[in-house]
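Numbering (full-length UniProt numbering), first residue to last: 1 to 235.
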């Protein structure tokens, strides 16, 4: 579905991504693990067209994404829920979600998307007239994911969806991500909560200082003693 091949990317003189290749197969949840500063968000920026790689290519199905604008990439069906949620605090929950449907010209389709989001997140339905700035952190995260889903993505990019959330809310968020995937959306998940991410993923990549150092089926990675020690707090 999505392929990155030999990607190099720089911030000025800083070599942020070094010969990165990865593949996301249709229907899968793929997790990208790595410490702060490893280059995880840079990979998302490259996929979304917010950053141009100096070397390498990106393909989505039969389309080349290299050099495409972020707007065009969204229209191809790749939508990102950003780190830190970034909801519009003075707009209501419903208005935030409607902004997410800006590429949908058909109002009936947009209304269907809204109902689907409310089915995933009943709490948002209860608070649809409330200003987004008054929601809890977990509810704002649900809203950010819901807003991305309003675009009916083929590939959903999630950047640190569990960041700063209480463990019970994290469990809820991951169970909803799994359900979104079950209903047909491919998911690329960037996470520091390695245990939770690997528990719902099909495949995983590990990034260290801009390089992919390991990848494989998520359950094998989860049970690898070296990876447990480095990323999962195990011995």
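Cβ coordinates follow ideal geometry from the N, Cα and C atoms, glycine included.
So, is residue i buried or exposed, given that buried needs 16 or more other C-beta atoms within 10 angstroms?
i	result
residue 106	exposed
residue 53	buried
residue 159	buried
residue 195	exposed
residue 77	buried
residue 161	buried
residue 183	exposed
residue 181	buried
residue 197	buried
residue 12	exposed
residue 49	buried
residue 153	buried
residue 4	buried
residue 165	buried
residue 135	buried
residue 24	buried
residue 14	exposed
Quick one: residues in its chain with C-beta nearer than 8 Å to the C-beta of residue i, no 5 flanking neighbours on either side, listed in chain order?
i	result
residue 178	29 and 200
residue 170	162, 193 and 196
residue 69	49
residue 6	19, 20, 21, 55, 56 and 57
residue 133	87, 89 and 90
residue 38	207, 208, 209 and 210
residue 130	92 and 93
residue 116	149
residue 63	76
Take residue i and list the residues in its own chain whose beta-carbon comes closer than 7 Å to its own, dropping the five residues that flank it on each side.
i	result
residue 42	9, 16, 17 and 51
residue 284	Past the edges of the chain, shown from 1 to 235, lies residue 284, and the structure says nothing about it.
residue 101	110, 113, 150 and 151
residue 118	124 and 125
residue 66	57 and 58
residue 85	140, 141 and 144
residue 75	103
Which residue wins for smallest C-alpha separation from residue i, given the options the options?
i	options	result
residue 92	193, 48 and 144	144
residue 36	181, 173 and 163	163
residue 26	1, 115 and 45	1
residue 186	45, 14 and 80	80
residue 73	156, 131 and 133	156
residue 172	211, 82 and 122	122
residue 44	154, 85, 188 and 136	188
residue 212	64, 204 and 219	204
residue 216	165, 4 and 224	224
residue 218	226, 138, 202 and 62	202
residue 138	214, 46, 61 and 176	176
residue 174	131, 64, 62 and 120	120
Leaving aside the five residues before and after residue i along the sequence, list all residues of the same chain whose C-beta is less than 6 Å from its C-beta, in chain order.
i	result
residue 147	96, 97 and 100
residue 128	93 and 94
residue 104	110
residue 82	159
residue 227	221
residue 214	206
- request: With a floor of 4 residues, list each alpha helix (DSSP H) that falls wholly inside the stretch 120 to 198, ordered by position along the chain.
  value: 122 to 126, 137 to 149 and 167 to 182
message: Please give me, in chain order, every unbroken run of the alpha helix (DSSP H) with length at least 4 that falls completely inside the stretch 43 to 100.
response: 70 to 76 and 93 to 100
task: With a floor of 3 residues, list each beta strand (DSSP E) that falls wholly inside the stretch 1 to 41, ordered by position along the chain.
output: 2 to 11, 14 to 24 and 29 to 33
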